[in-house]
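Accompanying notes for the structure given below.
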Amino acid sequence: NRYTSEQSSSFTSSSAKKLLQSEDKNLDVDNSHTYRILHFVIVVSTISELVICKICKKDIKFTESSSRGLGFKIAVNCDCGVSYINSCPLIANAYEINRRIVAVMRLLGIEIEGLLFCGLMDMARSFYSNTYGCIENLYTAGSAVYEVVIKSAMKEEQEKTVEVENSKENLTVSGDGSSKKRGHYPLFGVITLIRKYTGKILDTVVKSSYCKL
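In UniProt numbering, the protein residues as written are 1 to 213.
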């Protein structure tokens with residue numbers, strides 16, 4: 001029994017003690033579509049010792065390939081060549097397990113902490129480190145370009161203000177904001193400061209109750 005295999009139940013009754021003395025039988029369960037957590041090296045190394053290729057009659061070696069998030073391909077290597085097995089079904093070109101974990105973490109309200117869980121459990125390090133490392137690089141590059149554009153527009157507005165008001169210390173701006181709501185709760189919001197003479201953006205603030213990155 002999967003619920004009692006790790007704990008003693010002999011205290012339940014005298015019948016339980018008798019059952020404990022009998023031979024334990026593990027029943028095979030045929031699950032056509034379920035997920036299990038396993039140690040890749042231990043499992044594939046054991047399988048390699050037990051099976052051979054039915055064509056070349058040589059040993060088989062299993063390795064991991066095309067890792068994306070929690071999904072990957074199992075590379076079956078022998079003298080015949082290399083064959084690939086998907087670790088899970090595909091949705092278009094994406095591994096189903098990646099779509100599933102994102103959807104489930106959102107339903108549970110965990111969001112990015114769920115990906116942190118995968119990293120701490122040594123599950124899909126590349127999904128946590130590499131993917132979000134790329135996102136951080138994009139954010140850094142985008143922020144740098146944003147700062148350059150804002151400073152350039154600020155200088156242009158100061159020059160225009162000097163022409164009209166003979167002063168660049170006090171700039172006249174207007175504000176505008178917009179938000180996306182679901183029901184009564186805003187999910188995304190953005191506020192902008194717009195310059196009077198050039199009509200260009202002075203600054204922006206983006207708030208999100210949806211994305212936690």
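No residue lacks a Cβ here, since even glycine has one placed at the ideal position from N, Cα and C.
For Thr198 and Glu157, which I take to be in contact (beta-carbon distance under 8 Å), what is that distance rounded to the nearest angstrom? Residue numbering aside, residue 198 sits at position 198 when the sequence shown is read from its first letter. Residue numbering aside, residue 157 sits at position 157 when the sequence shown is read from its first letter. That belief holds up - the Cβ atoms of Thr198 and Glu157 are roughly 5 Å apart, short of 8 Å.
What number of angstroms, rounded off, separates the C-alpha of Val148 from the C-alpha of Asn137? Here residue 148 corresponds to residue number 148 of the sequence shown, with the count starting at 1. Here residue 137 corresponds to residue number 137 of the sequence shown, with the count starting at 1. Roughly 17 Å separates the two Cα atoms.
Quickly, what does DSSP pair Asn86 with across the bridge? List them, please. On the sequence shown, position 86 is the one that residue 86 refers to. Lys73.
Between which two residues does the alpha helix (DSSP H) carrying Thr46 extend? As a working mapping, residue 46 is identified with position 46 in the sequence shown. Unbroken alpha helix (DSSP H) run through Thr46: 40-50.
Buried versus exposed, by CB contacts within 10 Å (16 or more), Ile91: Walking along the sequence shown from the start, residue 91 turns up at place 91. Flag for Ile91 reads exposed.
Assigned exposure category for Leu107 - 16 Cβ within 10 Å defines buried: On the sequence shown, residue 107 is found 107 positions in, with the first residue counted as 1. So Leu107 counts as exposed.
Is the number of C-beta pairs between the stretch 47-55 and the stretch 64-71 that are closer than 8 Å three or more? no
Does DSSP put Tyr128 in a helix, in a strand, or in coil? As a working mapping, residue 128 is identified with position 128 in the sequence shown. Only weak support is given to the placement of Tyr128: the predicted model assigns it a pLDDT of 48, under 50, and the question is left unresolved by the model.
Are Val190 and Val164 closer than 8 Å when you measure CB to CB? Along the sequence shown, read from residue 1 onward, the residue named residue 190 stands at position 190. Along the sequence shown, read from residue 1 onward, the residue named residue 164 stands at position 164. It is not a contact, given that the beta carbons lie outside the stated cut-off.
Arg106, DSSP secondary structure in three states: Within the sequence shown, numbered from 1, the residue matching residue 106 stands at position 106. Helix.
Please report the straight-line C-alpha distance between Val44 and Leu38, rounded to a whole angstrom. Against the sequence shown, residue 44 aligns to sequence position 44. Against the sequence shown, residue 38 aligns to sequence position 38. Going by the C-alpha atoms only, they are around 10 Å apart.
Through-space distance from Lys151 to Ala94, alpha-carbon basis: Position 94 of the sequence shown, counting from 1, holds the residue named residue 94. Position 151 of the sequence shown, counting from 1, holds the residue named residue 151. So the alpha carbons of these two residues sit roughly 41 Å apart.
Determine the DSSP secondary structure at Ser208, reduced to helix, strand or coil. Counting from 1 along the sequence shown, the entry for residue 208 is found at position 208. It is a strand residue.
When Ser167, Leu120, Leu202, Ser83 are compared against Ser174, the one with the closest alpha-carbon: To locate residue 174, count along the sequence shown from 1; it is residue 174. Nearest C-alpha to Ser174: Leu202.
Distance, Cα to Cα, Val41 vs Met121? Here the question's residue 41 lines up with position 41 in the sequence shown. Here the question's residue 121 lines up with position 121 in the sequence shown. About 15 Å.
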